[in-house]
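Visitor: Numbering (mature numbering (1 follows the signal peptide of the UniProt record, and there is no 0)), first residue to last: -22 to -1, 1 to 266.
Even for Gly, the Cβ is constructed at its ideal location relative to N, Cα and C.
As the structure is a computational prediction, the values presented were derived from the model and not from experiment.
Just dropping this structure here.
See below:
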């Protein structure tokens, strides 16, 4: 029996379909590469998850990205940002959590948006009713053009940083602030109840965070020295005393640190703490 030609073609298509479906998947360069970054900040972290579009000869703002319209702040799915603790972003309090990060670009004034819908594709299903906060920022013009869009944390300090958008010749900064003191001081209080008390680390935090009362920190260092004298404990005791304006006592502690560091077998540590103590002695008017 002769099979009609149309039926023969249909049968051949069915035979070839599984082979077509099983073809090798190609791995090709992404036009807008995905970035997943997590950076330590304050007592926790900041995470960014976004895709980086490039200019490719196009105009970014006022062209590819229209002014005055909600933008996904990148390419592909919406940009996401996660804070590991409560922060202030551009002066607004933001609880710990994950948010969609969008923007409304302007020629000079920008609006950034934190939105609860982190599953949206682009900004096509954006709902203003799900906004957590809106933030205002000024754009600055760069001398050189940035080909590929970049979101980054810059000017990072222990509890402050700038969240920067840089693309084309535009840069916009959102100041980021944390308040780690309540968290860290509570940790210290709890840790001092245990067997392995973090005397040195706690004293260093008191110094570096400019706590108004340094008395507890000096007590911790005295306890550490009593348990096991060390040049590092004496050095930080000298630093705390110097901050209190007790120059003679600071010089005494620095000289005790210098004596102990002489016996250290680690030449790098010996050189570093010798230099640090000599610098401190010069500052308080003690001997070098």
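Below 8 Å CB to CB, which residues in the same chain sit around residue 133 once its five sequence neighbours on both sides are set aside?
Guide: Cβ within range, chain order: 139 and 140.
Visitor: Please go through the same chain and pick out, in chain order, the residues whose beta-carbon is closer than 6 Å to the beta-carbon of residue 104, but skip the five residues on each side of it.
Guide: If we look at residue 104 and ignore the five residues flanking it on each side, its Cβ neighbours are 48.
Visitor: Hey, which unbroken runs of the beta strand (DSSP E) at 3 residues or more fall wholly within the stretch 21 to 103?
Guide: Whole beta strand (DSSP E) segments, 3+ residues: 22 to 29, 58 to 61, 65 to 67, 70 to 72, 75 to 82 and 87 to 93.
Visitor: Whole angstroms are fine: how far does the CA of residue 202 sit from the CA of residue 228?
Guide: The straight-line gap from Cα to Cα measures roughly 17 Å.
Visitor: Quick one: is residue 28 buried, meaning 16 or more other Cβ sit within 10 Å of its Cβ, or exposed?
Guide: Per the 10 Å Cβ criterion, buried.
Visitor: Taking the alpha-carbon of residue 84 as reference, which of 93, 73, 63 and 118 has the nearest alpha-carbon?
Guide: Ranking the options by Cα distance to residue 84, first place goes to 118.
Visitor: Ordered along the chain, which non-local residues of its own chain (more than five positions away) have a Cβ less than 7 Å from that of residue 38?
Guide: For residue 38, where only same-chain residues beyond five positions count, the Cβ hits under 7 Å are 145 and 146.
Visitor: Near residue 15, what residues of its chain come up, given a Cβ to Cβ distance below 6 Å and the 5 sequence neighbours on each side ignored?
Guide: Correct list, in chain order: 26.
Visitor: Can you list, in chain order, the residues of its chain with a C-beta nearer than 6 Å to that of residue 142? Leave out the 5 residues immediately preceding and following it.
Guide: 130, 132 and 151.
Visitor: What did DSSP end up calling residue 153 once you bin it into helix, strand or coil?
Guide: Correct three-state label for residue 153: strand.
Visitor: Under 8 Å Cβ to Cβ from residue 261, same chain only, skipping five residues before and after it: list those, please.
Guide: Closer than 8 Å at the Cβ level, and outside the excluded window around residue 261, lie 220.
Visitor: Drop a sphere of 10 angstroms on the beta-carbon of residue 198, count the other beta-carbons inside from all chains shown, and report buried for 16 or more, exposed for fewer.
Guide: Buried, since its Cβ has 16 or more Cβ neighbours within 10 Å.
Visitor: Distance, Cα to Cα, residue 101 vs residue 77?
Guide: Cα to Cα, the separation comes out at about 13 Å.
Visitor: For the beta strand (DSSP E) that contains residue 123, what are its first and last residues?
Guide: From DSSP, the beta strand (DSSP E) with residue 123 extends over 109 to 135.
Visitor: Excluding the five sequence neighbours on either side, which residues of its own chain have a C-beta within less than 7 Å of the C-beta of residue 222, listed in chain order?
Guide: Around residue 222: 192.
Visitor: Would residue 156 be called buried (16 or more neighbouring beta carbons within 10 Å of its own) or exposed?
Guide: Classification of residue 156: buried, given that the 10 Å Cβ count is 16 or more.
Visitor: Evaluate residue 69 with the Cβ neighbour count: other Cβ atoms within 10 Å of its Cβ, from every protein chain shown; 16 or more gives buried, anything less gives exposed.
Guide: Exposed, since its Cβ has fewer than 16 Cβ neighbours within 10 Å.
Visitor: To the nearest angstrom, how far is the alpha carbon of residue 72 from that of residue 115?
Guide: If you take the alpha carbons of residue 72 and residue 115, they lie about 16 Å apart.
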